Amino acid sequence: MIRFRNPGTQYSTQIQVIKQLYEALSGQENFTLDDMAVVIAQGRLMTAYGYAGDDALRLSNTEQESMNSAKMNAKMYAEVFRMLGWVTPYSESSSYPLVFTYIGAHIALSTGDCSRLYEQCVLGINNPTQLTDNMSYNEKLRFFQCALRTFIDLDGIMYKHELCLGPMSVDDEDEKAYQNMIAFIRSIRGSQKRLNKAFLDLAVSLRMKPTPVDNCTRLPIAFMKSCGWVESINDSSLYGKSMACLKITQHGIETYDAIKVMYDLRLDKYLKLEKNVQQALIRLGTYSMLERSGYDMSSVDEIIRADKVICEGILQGKELLFSPCQTLRRKQVEEALGIQMDVGTESRLSIGTFESAVAVREALANTDIWDLNISHEVSIELLGRDEEQEFLKTVNKLYSDGYSSGEIVNELFDYYIDATQITFYPLIATLFKIMGFNCSFSRPGDNGARWDAIIDDPIRSIPIEIKSPTEEQFLSIKAIRQALENKIILLSRKTHVTTPEVTTLAVGYYMPNERAEVNRLIADFKATYGYSIGVIDLKSLLSISVSILTDKKTFDKEKLYSLEGLANANI
Numbered sequence: 000m001i002r003f004r005n006p007g008t009q010y011s012t013q014i015q016v017i018k019q020l021y022e023a024l025s026g027q028e029n030f031t032l033d034d035m036a037v038v039i040a041q042g043r044l045m046t047a048y049g050y051a052g053d054d055a056l057r058l059s060n061t062e063q064e065s066m067n068s069a070k071m072n073a074k075m076y077a078e079v080f081r082m083l084g085w086v087t088p089y090s091e092s093s094s095y096p097l098v099f100t101y102i103g104a105h106i107a108l109s110t111g112d113c114s115r116l117y118e119q120c121v122l123g124i125n126n127p128t129q130l131t132d133n134m135s136y137n138e139k140l141r142f143f144q145c146a147l148r149t150f151i152d153l154d155g156i157m158y159k160h161e162l163c164l165g166p167m168s169v170d171d172e173d174e175k176a177y178q179n180m181i182a183f184i185r186s187i188r189g190s191q192k193r194l195n196k197a198f199l200d201l202a203v204s205l206r207m208k209p210t211p212v213d214n215c216t217r218l219p220i221a222f223m224k225s226c227g228w229v230e231s232i233n234d235s236s237l238y239g240k241s242m243a244c245l246k247i248t249q250h251g252i253e254t255y256d257a258i259k260v261m262y263d264l265r266l267d268k269y270l271k272l273e274k275n276v277q278q279a280l281i282r283l284g285t286y287s288m289l290e291r292s293g294y295d296m297s298s299v300d301e302i303i304r305a306d307k308v309i310c311e312g313i314l315q316g317k318e319l320l321f322s323p324c325q326t327l328r329r330k331q332v333e334e335a336l337g338i339q340m341d342v343g344t345e346s347r348l349s350i351g352t353f354e355s356a357v358a359v360r361e362a363l364a365n366t367d368i369w370d371l372n373i374s375h376e377v378s379i380e381l382l383g384r385d386e387e388q389e390f391l392k393t394v395n396k397l398y399s400d401g402y403s404s405g406e407i408v409n410e411l412f413d414y415y416i417d418a419t420q421i422t423f424y425p426l427i428a429t430l431f432k433i434m435g436f437n438c439s440f441s442r443p444g445d446n447g448a449r450w451d452a453i454i455d456d457p458i459r460s461i462p463i464e465i466k467s468p469t470e471e472q473f474l475s476i477k478a479i480r481q482a483l484e485n486k487i488i489l490l491s492r493k494t495h496v497t498t499p500e501v502t503t504l505a506v507g508y509y510m511p512n513e514r515a516e517v518n519r520l521i522a523d524f525k526a527t528y529g530y531s532i533g534v535i536d537l538k539s540l541l542s543i544s545v546s547i548l549t550d551k552k553t554f555d556k557e558k559l560y561s562l563e564g565l566a567n568a569n570i
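Numbered according to numbering that gives the first Met the number 0, the sequence shown spans residues 0 to 570.
Shown next, in the form of structure tokens:
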């Protein structure tokens, strides 16, 4: 069985950590776990014994390495980042020290949302590789491609232990083995007793206890949720009682439909090719990942065309699914790309190249930046519910402990990653109240309320469609449509006073994956119906609210009433 031994760190934290590590360590020839531990701890991205920063480092400094929480935390990130292809061993003879990869530098230097490239990196995870030749498992597998296929073939729903019994324990290139796996899972469904026995038998065969096997599901589930491929649901149809299961999303289905027709290049096929073909495939694999992520690849168009001619007999017109930084030792990748990643930032790469590519990618989505300016202290007298007071206490406690407003936002953002409707709806109402709006939320299951929350205004009320992260981590096209429906119904029923010109909102944990598609839909709705739709993510709302509470800042409230497209807070 494939082992994902690391705990489920969240997308936003992973991105924050890699950016901070790159800023601090990219000028070095290589870096160690100790280097990483210092950067992560001093950046207050971890705690030890309840302390952060230098105190965390001091308390973690023990003779027994396994008890050094700062170093173990750094090792956890290093293994996740190596799996994603963002860092790689400096030499071929040892796992450490590390260097950043070409793809890792793109992630670290992105100035905005990099979820599309992140998704490509998750799809790039495969086994075996030249970087995992000491693993205790031997499955030949591109796990997430196989997992998405398994979801589809099992009617879109799976329980987490089925991941272990299924796609984590199969060679996905062996079609007979794959079909036997699907049949086996179907055979145990309907009986929790059969499920428990199958899972226990698996643990015994691995010479592991059931809990560590269960823990192996944490990271892959976190990856799939971060990519918007699956969402959590309660389901009783699989095993006769309500269980927390996973359901594939429309984006997950579309992702599998896209990759199943690609040419999937694995290590064994790669090693049989001539060197010039290998190098062409390294370039095509790397550049394809960036192109699918929205980067402008016009500067290497001629190289791509020439490499496609070299690989024509292999690809036969198909797009390439291959992530060299996650599969091959770095010297081969760097030689093919004509770069060197271990000689310091200035001579290594042109940062300007990355920034211009990022600018082109981000131009795909219109974003309204909300600048926060020093102003009068905002009244929060509307905050009276217990959960609102608890939120204020949490922010004040973190602030008194020395956290900056940005650090508080990150702490809270990660905390709410698993929030259900019951928690998330009141939170969104609280944040809008802090921003100075009279906002109330609907109780989940209240069929009499069409919208999830509403800003009640004497003349410009705003309906709010909310998606909790357990419903969907990335706002979907469906949420945008529902925001439009909310506006139409509000104008029709006239339960609150508003005007056609006032926006209607969709609020969720992350911004949509496909921003360009969402903006096109918003523009189409505006052209057809004349209504504006605004989209806001949790981090933006937290950024504004926390800055109001800690830095005594506010923003131009008028911007909300006319918001159209995606909003982002600039603090």
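Just so you know, even glycine gets a beta-carbon here, dropped at the ideal spot from N, CA and C. Fair warning: this is a prediction, and the values are worked out from it, not measured in the lab.
Here V496 has P457, I458, S460 as same chain residues with Cβ atoms under 7 Å from its own Cβ, once five neighbours each way along the sequence are excluded. Going by beta carbons, S322 and C120 fall inside the 8 Å limit. In chain order, A221, S225, D413, I416 place their CB closer than 8 Å to the CB of Q9, counting only its own chain and leaving out the 5 sequence neighbours on each side. Residue range 300 to 309 is occupied by the alpha helix (DSSP H) that includes D300. E91 sits in coil when the DSSP states are folded into three classes, being neither helix nor strand.
Among the bridge pairs identified by DSSP, L319 is matched with Y262.
Judged by DSSP in its simplified three-state form, C113 adopts coil rather than helix or strand. N126 counts as buried, since at least 16 other C-beta atoms from the protein chains shown sit within 10 angstroms of its C-beta.
Only buried fits K432, as 16 or more other CB atoms lie within 10 angstroms of its CB. If you draw a 10 Å sphere on the C-beta of V308, you find fewer than 16 other C-beta atoms in it, and that means exposed. The C-beta separation of F436 from P425 comes to about 15 Å, leaving the pair out of contact by the 8 Å criterion.
By the neighbour-count definition (other C-beta atoms within 10 Å, threshold 16), I421 is an exposed residue. For T503, the uninterrupted beta strand (DSSP E) segment begins and ends at 503 to 507.
D213 sits in a helix when the DSSP states are folded into three classes.
Relative to I427, the option among K396, F80, F390 whose CA is nearest is F390.
In the three-state DSSP reduction, N29 falls in the coil class, being neither helix nor strand. In this structure, S236 sits away from L245, with a CB-CB distance that is not shorter than 8 Å.
In the assembly as shown, D267 is an exposed residue. Its beta-carbon has fewer than 16 other beta-carbons within 10 Å. For V169 against Y177, the beta-carbon gap comes to about 6 Å, under 8 Å, which counts as contact. Relative to V332, the option among D213, Y89, N233 whose CA is nearest is Y89. For the pair K558 and Y101, the Cα-to-Cα distance works out to about 39 Å. F80 sits in a helix when the DSSP states are folded into three classes. In this structure, the beta-carbon distance from I463 to V506 falls below 8 Å.
Here DSSP, grouped into helix, strand and coil, assigns A526 to helix. The alpha-carbon separation between G533 and I465 amounts to approximately 12 Å. Its chain contains I17, K18, L20, Y21, E22, S25, W85, F99 as the residues whose beta carbon lies nearer than 8 Å to that of A107, once the 5 sequence neighbours on both sides are disregarded; these appear in chain order. Separation of the CB atoms of S544 and L474 is rounded to 19 Å, and the pair is thereby denied contact status at 8 Å. In this structure the stretch 266 to 284 does not lie against the stretch 189 to 201, because fewer than three pairs of beta carbons, one per stretch, are closer than 8 Å.
Linking G293 to R115 through their CA atoms gives a straight-line distance of about 8 Å.
Per DSSP, the unbroken beta strand (DSSP E) holding A452 starts and ends at 452 to 454.
Put simply, the backbone Cα of G316 is about 9 Å away from that of Y262. Counting only residues of its own chain and dropping the five nearest sequence neighbours on each side, E172 has a CB closer than 7 Å to the CB of K139. In the DSSP annotation of this structure, the continuous segment of the alpha helix (DSSP H) that includes D152 starts and ends at 142 to 152. Assigned with DSSP and collapsed to three states, I124 falls in coil, not helix or strand. Contact check for S531 and S561: beta-carbon distance about 7 Å, within the 8 Å limit, so the pair qualifies. Taking the C-beta atoms as reference points, L320 is found no nearer than 8 Å to I247.
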